[in-house]
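Same order as they appear, the protein sequences are chains A and B. Each residue of the first sequence is one higher than the last, beginning at 1 in the working numbering. Each residue of the second sequence is one higher than the last, beginning at 1 in the working numbering. We put the CB at the ideal spot given by N, CA and C, even for glycine.
There are 2 protein chains.
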Amino acid sequence: MSLGFTVKVKDLMGRIGVIETKTGKLETPHMFPVLDPKLKGIHPRYLREVMKCNGVMTNAYLLRKHLSVEMGGVEPPVIHKYLGFDGVVATDSGAYQILLYGEVDVKPEEIIRFQNEISTDIGVILDVPTGLTLNRLEAEYTVKETLRRADESLKLADPEILWIGPIQGGLFADLLTLSACEMAQKPFHMYGLGSPTQIMERYRFDKLVDMIIRVKQLIPGDKPLHLFGAGHPMIFPLIIACGVDTFDSAAYAIYAKDERYMTSEGSLKLSNIEYFPCSCRQCTKYTPSELRDLDWDERTRILAEHNLWVCLQGIKRIKEAISEGRLWELAHSCSISHPALHRAFKTLRKYSRLLERSSPVAKRRGLSIFTHIDYYRPEVVRHVNRVFSRCLSYEGSSKLVMLPSPANLMEGKTLENIIKIRNKFKDLSKVRILSYGYPYGVIPIELEDVYPLGQTEVSIPVDSESKEVVSKIIKRFLRRYPHKLSRVLVILEPSLVSEDLFKDLEVEVNKSEFEMMVEDLSVQDLRRSLKFLNN
Amino acid sequence: MSLGFTVKVKDLMGRIGVIETKTGKLETPHMFPVLDPKLKGIHPRYLREVMKCNGVMTNAYLLRKHLSVEMGGVEPPVIHKYLGFDGVVATDSGAYQILLYGEVDVKPEEIIRFQNEISTDIGVILDVPTGLTLNRLEAEYTVKETLRRADESLKLADPEILWIGPIQGGLFADLLTLSACEMAQKPFHMYGLGSPTQIMERYRFDKLVDMIIRVKQLIPGDKPLHLFGAGHPMIFPLIIACGVDTFDSAAYAIYAKDERYMTSEGSLKLSNIEYFPCSCRQCTKYTPSELRDLDWDERTRILAEHNLWVCLQGIKRIKEAISEGRLWELAHSCSISHPALHRAFKTLRKYSRLLERSSPVAKRRGLSIFTHIDYYRPEVVRHVNRVFSRCLSYEGSSKLVMLPSPANLMEGKTLENIIKIRNKFKDLSKVRILSYGYPYGVIPIELEDVYPLGQTEVSIPVDSESKEVVSKIIKRFLRRYPHKLSRVLVILEPSLVSEDLFKDLEVEVNKSEFEMMVEDLSVQDLRRSLKFLNN
């Protein structure tokens with residue numbers, strides 16, 4: 001069994017890659033639209049040709065039932081021919097039906113054999129989903145039984161098919177760890193995080209982030225991670241940023257049947273919509289009231305198509321963001337669509353080191369800093385540390401002048417003042433000039449234009465937490481300064497640095513042996529400052 | 001002269017309205033795509049029929065020149081026939097050309113007569129734009145000369161045409177005020193804020209917000225406000241939230257010629273794009289590399305069409321947000337696309353009272369609170385005040401129990417604890433139970449489910465500024481409590497309220513005469529608390 005999975009570009013834990021299947025290549029991140037095995041809904045050929053969707057998923061369990069019950073037990077056809085879809089076909093196993101109905105009337109080995117027979121490209125073993133409602137003992141059973149079935153199923157599995165190993169355990173972190181570790185030992189081509197549907201339905205996206213990142217760290221990095229049933233485009237940026245490579249979704253169709261219209265920020269009831277905020281071919285053809293006037297079949301078919309356009313556009317937007325190194329920004333702005341999503345985005349703070357390790361060093365674009373959460377993005381974490389060590393590696397200057405960073409200022413007049421002061425001080429002996437500011441804390445002025453320091457834009461005024469971060473860096477800097485300091489002149493720009501920083505610094509000064517003087521940036525007469533430095 | 005402008009729905013200072021012109025109705029907010037008078041670019045008929053755009057703008061000055069120079073002095077045609085556009089046509093006067101070239105070779109009255117002759121629907125007098133680079137004396141001249149021209153021009157103006165009165169003054173706040181006050185006296189049908197282009201080019205969106213809101217307060221509320229040349233869809237939510245009803249934009253075409261691809265969050269160079277994050281008919285027809293392979297004319301025509309789809313979609317998205325009462329959320333999430341835009345969004349805080357006055361009381365949807373900026377949104381400002389007065393209007397309870405608001409908690413266990421404690425205390429005599437939490441500060445428990453208190457979701461954990469706001473409300477509440485207090489029991493949920501609040505409250509207690517006890521929510525044995533309250 002050999003699987004080709006090639007990663008092309010990475011950002012955060014998200015990645016653009018290519019999965020090779022026997023039918024063809026599939027670029028990730030990819031959403032498999034789930035197709036009804038009875039082929040009601042959008043036609044697979046339309047999906048492929050007009051919507052440019054290269055991979056779909058259908059349900060092997062339901063298809064098998066449909067063929068045997070409603071179609072009188074016909075021979076299983078090749079799935080691509082049956083669907084009229086010449087792209088990549090993945091099949092789910094019926095585990096979701098176990099979650100819904102408690103049990104399914106098929107054995108794990110039958111589902112494997114059926115997937116072999118229909119010649120699916122990507123198959124799933126019949127696992128036992130943990131869900132949310134189980135107690136610990138029951139959850140443990142689902143994990144162990146899934147592992148047992150994995151061994152049994154892999155024996156029967158067609159080696160031409162890529163098999164997904166489902167990881168269970170739900171919100172029981174230790175069980176999830178156990179499941180991921182054990183599954184990772186088995187020769188699956190992809191791993192799948194089991195049934196997060198109920199967690200998503202309860203808007204516990206923060207828990208979902210924890211689950212995905214936990215699993216992601218335990219499975220081999222060169223294999224794709226699938227998320228079973230990730231429904232709403234609102235959460236795509238976040239789950240992909242956490243490392244999900246593929247997922248399947250029937251939500252576009254389920255929402256449509258419920259007459260709900262998806263947007264990248266949420267969903268709207270068709271009955272309430274006045275204006276379609278979309279440029280897809282259906283939304284530019286009909287007004288909301290025209291759509292409401294169509295009969296139910298037509299109306300829900302069009303809604304499903306629109307919902308799918310939104311999903312596909314969401315994926316393209318994320319891919320473009322990954323390729324530009326802008327996934328953090330995208331996930332941040334998309335998190336301002338629901339407080340639960342924003343909460344989940346904020347949990348990324350605890351994973352900042354992990355994210356840093358998986359993000360590329362060089363990026364094409366400058367950085368944007370909006371709130372204190374952005375101080376945890378990989379590039380900031382990385383460059384704060386770099387710049388900080390650079391600041392400390394100076395030749396012995398006993399006197400420091402700390403000026404506000406020009407990058408944080410927008411007023412021409414303030415900038416002129418900084419330049420004036422710099423020029424006054426730049427030739428003094430043993431005096432080192434540093435910029436202080438957001439988000440990097442301290443910057444040697446000769447590095448100010450170096451990427452990304454000179455390409456970082458900050459939303460001013462900053463919030464309290466941002467002030468705290470910078471205040472800490474400056475204090476740490478003064479504490480660790482490797483040479484004997486005699487004088488520190490701080491030029492204060494009140495809108496940039498809080499009074500607290502100023503106060504705390506004085507406390508710091510009392511502890512050490514240098515003298516400090518604080519002067520306002522607006523001061524016109526620098527004689528006092530010069531005298532202080534020359535003493 | 002009579003103008004029909006009817007406002008249908010309002011949110012913040014944004015509004016959905018209808019302008020009646022002699023040719024037909026135009027729904028606002030509306031963006032007039034600017035058409036090249038030589039009719040190069042997207043065909044007006046395509047704009048009208050396929051893109052459903054009902055109003056365009058062209059340049060009267062350039063058209064007049066084109067007709068007389070290149071077309072050998074032909075009679076001015078009716079503009080609708082000339083353009084092949086049967087919707088609303090607006091014409092600009094050449095002021096932008098003054099800004100670019102310093103002078104134009106036409107007199108103000110000639111431009112008015114020409115607009116009369118071509119039978120435009122909405123016309124502009126030839127004003128003198130202030131721009132950004134002028135000194136105060138020059139700026140004063142532009143304001144006064146524009147006012148002088150206004151009087152002269154209105155005398156000649158065809159009463160069937162709606163005329164826009166341009167307001168100048170730029171960044172000189174007093175001149176802008178003077179201009180707006182004087183213009184507001186003159187019988188224009190609409191008012192226009194002059195040339196903000198250079199301010200936008202420098203990303204001073206914060207200044208733009210100040211300018212728009214200043215002007216908006218000075219002109220009659222029943223007349224539309226036009227913004228001349230608002231280019232990028234990224235800023236549409238913000239300018240509309242500040243009260244802009246219509247604006248014109250040539251940016252879609254200018255960007256296209258520069259091979260720049262617009263998105264609602266910014267723009268991308270076509271040469272760098274890997275994936276088109278859009279579902280418009282051009283972006284679903286071509287891949288970026290296919291588009292790059294087309295010849296220049298075709299390529300820029302397609303880019304211009306895409307850019308226009310993005311703009312039109314942006315407007316529809318804003319209209320839908322206004323009609324749902326969700327414009328604040330939209331402006332907030334869109335502000336996370338550029339730090340300068342986020343900065344500008346934050347300046348709305350200073351206008352929170354003004355925004356409150358213009359926002360409707362009842363909304364269809366619950367409120368979402370992401371960061372401390374959201375505490376300044378109209379509904380929160382309004383309801384904090386309402387709930388606060390309600391809390392103070394109690395019958396005389398001398399003992400208070402303050403419990404964390406269930407709306408802020410997501411864990412089932414914590415909720416159970418709150419209910420347990422509530423039940424313990426609810427029948428004690430003279431004891432009043434209140435919830436405290438984000439964003440409203442204090443809520444009488446009987447109001448907890450009332451709109452919007454029960455429909456407000458908060459992203460937890462909150463930031464420091466949010467804690468400060470709530471801490472202030474609670475302290476103010478205890479200070480103003482109208483009855484003699486004897487005991488206050490505070491049940492603390494550490495993740496909800498900062499230690500600082502707790503400390504400050506104790507300082508408060510020392511000042512007054514009641515006793516306070518603080519207990520942790522996780523406490524199992526409530527005997528101590530009960531004893532405290534019963535004393």
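Contact with chain A by residue i, beta-carbon distance below 8 Å
{"i": "S323 (chain B)", "result": "yes"}
{"i": "F276 (chain B)", "result": "yes"}
{"i": "P339 (chain B)", "result": "yes"}
{"i": "I336 (chain B)", "result": "yes"}
{"i": "I273 (chain B)", "result": "yes"}
{"i": "H372 (chain B)", "result": "yes"}
Beta carbon proximity, residue i to chain B, threshold 8 Å
{"i": "I369 (chain A)", "result": "yes"}
{"i": "Q313 (chain A)", "result": "yes"}
{"i": "M1 (chain A)", "result": "Its pLDDT being 42, under 50, M1 (chain A) is placed unreliably by the model, and the measurement read from it follows with that caveat. Taking Cβ atoms only, chain B never reaches closer than 8 Å to M1 (chain A), which makes this a no."}
{"i": "F242 (chain A)", "result": "One point to set straight first is that residue 242 (chain A) is Cys, not Phe, in the sequence displayed. Cβ-Cβ to chain B under 8 Å: no for C242 (chain A)."}
{"i": "R432 (chain A)", "result": "no"}
{"i": "C53 (chain A)", "result": "no"}
{"i": "S279 (chain A)", "result": "yes"}
{"i": "H332 (chain A)", "result": "yes"}
{"i": "E265 (chain A)", "result": "yes"}
{"i": "H342 (chain A)", "result": "yes"}
Per-residue DSSP class, three states only, for residue i
{"i": "L291 (chain A)", "result": "helix"}
{"i": "K269 (chain B)", "result": "strand"}
{"i": "D547 (chain B)", "result": "No answer is possible for residue 547 (chain B): the residues shown for chain B start at 1 and end at 535."}
{"i": "Y438 (chain A)", "result": "coil"}
{"i": "P444 (chain A)", "result": "strand"}
{"i": "I111 (chain B)", "result": "helix"}
{"i": "Y241 (chain B)", "result": "The question names Tyr, but residue 241 (chain B) is Ala in the sequence shown. Three-state DSSP puts A241 (chain B) in a helix."}
{"i": "D86 (chain A)", "result": "coil"}
{"i": "Y96 (chain A)", "result": "helix"}
{"i": "T414 (chain B)", "result": "helix"}
{"i": "G123 (chain B)", "result": "strand"}
{"i": "Y261 (chain B)", "result": "strand"}
{"i": "K467 (chain B)", "result": "helix"}
{"i": "V104 (chain B)", "result": "coil"}
{"i": "I219 (chain B)", "result": "coil"}
{"i": "V431 (chain A)", "result": "strand"}
{"i": "T300 (chain A)", "result": "helix"}
{"i": "S529 (chain B)", "result": "helix"}
{"i": "M1 (chain B)", "result": "Residue placement at M1 (chain B) is flagged as unreliable, the pLDDT there being 42, under the threshold of 50; a coordinate-derived value is accordingly withheld."}
Any non-hydrogen atom of the ligand FMN within 7 Å of residue i CB
{"i": "I421 (chain A)", "result": "What this structure holds is no ligand at all, so the ligand FMN is not there to describe."}
Using a Cβ-Cβ cutoff of 7 Å, what residues of the stretch 442-464 of chain A are near chain B? List them in chain order. E457, V458, S459, I460, D463, S464
Three Cβ pairs or more, each shorter than 8 Å: is that satisfied between the stretch 191-199 of chain B and the stretch 44-55 of chain B? no
Which runs of the beta strand (DSSP E) spanning at least 3 residues fall entirely within the stretch 318-392 of chain B, listed in chain order? 367-369
Below 8 Å, can you find three or more Cβ-Cβ pairs linking the stretch 396-403 of chain A to the stretch 429-437 of chain A? yes
Contact residues within the stretch 289-319 of chain A, judged by C-beta distance below 7 Å to chain B: W309, Q313, K316, R317, K319
Going residue by residue through the stretch 4-71 of chain B, where are the continuous beta strand (DSSP E) segments of at least 3 residues, counting only ones entirely within it? 4-11, 14-20, 25-28, 30-35, 55-59
contact_flag[the stretch 313-327 of chain B, the stretch 162-175 of chain B] where n(CB pairs < 8 Å) is 3 or more: no
Interface residues of the stretch 386-404 of chain B facing chain A [CB-CB below 9 Å]: none
Unbroken alpha helix (DSSP H) runs of length 4 or more, entirely within the stretch 149-194 of chain A: which are they? 173-185
Of all the residues that make up the stretch 43-68 of chain B, which are near chain A by a beta-carbon distance shorter than 9 Å? V50, M51, K52
Residues from the stretch 152-164 of chain B in contact with chain A, defined by Cβ distance under 8 Å: none
The stretch 274-281 of chain B in contact with the stretch 235-244 of chain B per 3-pair CB rule at 8 Å: no
Please confirm if the stretch 349-362 of chain B is in contact with the stretch 303-310 of chain B, defined as three or more CB-CB distances below 8 Å between the two stretches. no
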